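Number of protein chains: 2
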Amino acid sequence: MIQPFNDEYFMKKALFEAEIAFEKGEVPIGAVIVINQQIIARAHNLTETLRDVTAHAEMQCFTAAADYLGGKYLKKCTLFVTLEPCQMCAGASYWSQIDRIVFGATDPTRGFQHFKTTLHPKTRVEGGILEDQCSTLLKRFFIEKRNLN
Amino acid sequence: MIQPFNDEYFMKKALFEAEIAFEKGEVPIGAVIVINQQIIARAHNLTETLRDVTAHAEMQCFTAAADYLGGKYLKKCTLFVTLEPCQMCAGASYWSQIDRIVFGATDPTRGFQHFKTTLHPKTRVEGGILEDQCSTLLKRFFIEKRNLN
Numbered sequence: 001m002i003q004p005f006n007d008e009y010f011m012k013k014a015l016f017e018a019e020i021a022f023e024k025g026e027v028p029i030g031a032v033i034v035i036n037q038q039i040i041a042r043a044h045n046l047t048e049t050l051r052d053v054t055a056h057a058e059m060q061c062f063t064a065a066a067d068y069l070g071g072k073y074l075k076k077c078t079l080f081v082t083l084e085p086c087q088m089c090a091g092a093s094y095w096s097q098i099d100r101i102v103f104g105a106t107d108p109t110r111g112f113q114h115f116k117t118t119l120h121p122k123t124r125v126e127g128g129i130l131e132d133q134c135s136t137l138l139k140r141f142f143i144e145k146r147n148l149n
Numbered sequence: 001m002i003q004p005f006n007d008e009y010f011m012k013k014a015l016f017e018a019e020i021a022f023e024k025g026e027v028p029i030g031a032v033i034v035i036n037q038q039i040i041a042r043a044h045n046l047t048e049t050l051r052d053v054t055a056h057a058e059m060q061c062f063t064a065a066a067d068y069l070g071g072k073y074l075k076k077c078t079l080f081v082t083l084e085p086c087q088m089c090a091g092a093s094y095w096s097q098i099d100r101i102v103f104g105a106t107d108p109t110r111g112f113q114h115f116k117t118t119l120h121p122k123t124r125v126e127g128g129i130l131e132d133q134c135s136t137l138l139k140r141f142f143i144e145k146r147n148l149n
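Note that the protein sequences, when read in sequence, are chains A and B.
Taking the UniProt record's numbering, the leading residue of the first sequence gets 1, the next gets one more, and so forth.
Taking the UniProt record's numbering, the leading residue of the second sequence gets 1, the next gets one more, and so forth.
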């Protein structure tokens, strides 16, 4: 069966958001939230632009998705994010009771898996979707940044 | 030496915020952020009003304090909050590199200590300031809520 709206499809949308962040000089991380195959929130990291450590792509998506749904719980939603969420974002997902988290690249030093953040018992997780593309964009950002300094 | 602006003084200001939350039907948690004995951010839990799990008092304070300071780091700041921060808020504090977290009541089931959330190595923590007043307000809220249902 053809599945046009699979995990890779939505991760590409998150990557598109990450590319927008890149163009703005932000660490290139993007996210979308999906319910019933429909994107209801999309965001990219804005911590530099907003000078706000809480402005991660995931946090903005949680807020936007809840606003769209008219309720704070995201029980039937999936978060697609290009980098493994940090403690803060995983902690926010705990409160949202989100159904599923799909991430691209792993973050071995700041990711929630490294820090052993507790997810909501109902939340399923999958990593490694378009991992190469997600991590290549991040590496390119840090190489360019280093060359500028 | 008389210290009019000690931890209890600022925790009372956080408690005042928690009382505002109580009046709004929100779980009564309040917070302030202080630098050089001056309050630069104050907020109370707004998760119900905004239908947003990220709208904890601490998160709003981090955003407001960074906005006031014109930079995302809160290195010389102290967060006063009436309840021990959760994983999300402690995770946000990690990114902010805040100097100190002072909380009132302990949260044995959802607090960052229970979940073993990693704080920034520079962040010092103290709990139990005005603990009785902070926990009494929370207990009163849940008793009243149960009686209404």
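The C-beta atom is built at its ideal place from N, Cα and C for all residues, glycine as well.
Keep in mind the model is a prediction, meaning the values are calculated, not measured.
With its beta carbon at least 9 angstroms from every one in chain A, G30/B lies outside the interface.
When the alpha-carbon of M11/B is set against those of L137/B, L130/B, K139/B, the nearest one is in L130/B.
Contact check between the stretch 50-67 of chain B and the stretch 130-142 of chain A: fewer than three CB pairs, one atom from each, fall below 8 angstroms, which does not count as touching. According to the DSSP assignment, H114/B belongs to the alpha helix (DSSP H) that extends over 112-115.
When the alpha-carbon of R42/B is set against those of E19/B, E48/B, N6/B, K145/B, the nearest one is in E19/B. For I129/B, no beta strand (DSSP E) run applies, since DSSP gives it neither H nor E. Using beta-carbon distances, E8/B does not count as an interface residue toward chain A, since no partner is under 9 angstroms. Across the structure, Q3/A and L50/B are spaced so that their CA atoms are roughly 36 angstroms apart. Against A92/B, the close residues of chain A are V53, T54, M88, in the order they occur along the chain (beta-carbon pairs closer than 7 angstroms). Between I33/A and L83/A, the C-beta spacing is not below 9 angstroms.
With fewer than 16 other beta carbons inside 10 angstroms of its own, Y9/A counts as exposed. The three-state reading of DSSP puts Q37/B in coil, since its state is none of H, G, I, E or B. Note on geometry: alpha-carbon atoms of E23/B and L46/B lie some 12 angstroms from one another. Interface with chain B (9 angstroms Cβ-Cβ cutoff): F142/A is excluded.
Against G70/B, the close residues of chain A are R51, in the order they occur along the chain (beta-carbon pairs closer than 8 angstroms).
By the neighbour-count criterion, in which a residue is buried when 16 or more other Cβ atoms sit within 10 angstroms of its Cβ, F115/A is buried. For A55/B, the three-state secondary structure derived from DSSP is coil. Here S93/B is not near T63/B, since their CB atoms are 9 angstroms or more apart.
For the stretch 113-139 of chain B, residues whose beta-carbon sits nearer than 7 angstroms to a beta-carbon of chain A comprise F115, K116, T117, T118. Here F103/B is buried: its Cβ has 16 or more other Cβ atoms, across all protein chains shown, within 10 Å. In the displayed model, L119/A falls within coil according to three-state DSSP, outside both helix and strand. Flagged as an interface residue toward chain A: D67/B, by a C-beta distance shorter than 9 angstroms. The alpha-carbon of H44/B is positioned some 6 angstroms away from that of I29/B. The beta carbon of C134/A lies closer than 6 angstroms to those of T82, G104, A105 in the same chain, with the five residues before and after it left out. Annotation: the continuous alpha helix (DSSP H) that includes F16/A extends over 7-23.
Secondary-structure assignment with DSSP links A31/B through a beta bridge to A43/B, V81/B. Residues of chain A with a Cβ closer than 8 angstroms to the Cβ of F62/B are, in chain order, D52, V53, T54. Contact with chain B is found for E48/A, since one of that chain's Cβ atoms lies less than 9 angstroms from the residue's Cβ. In the DSSP secondary-structure assignment, A105/A is bridged to L83/A.
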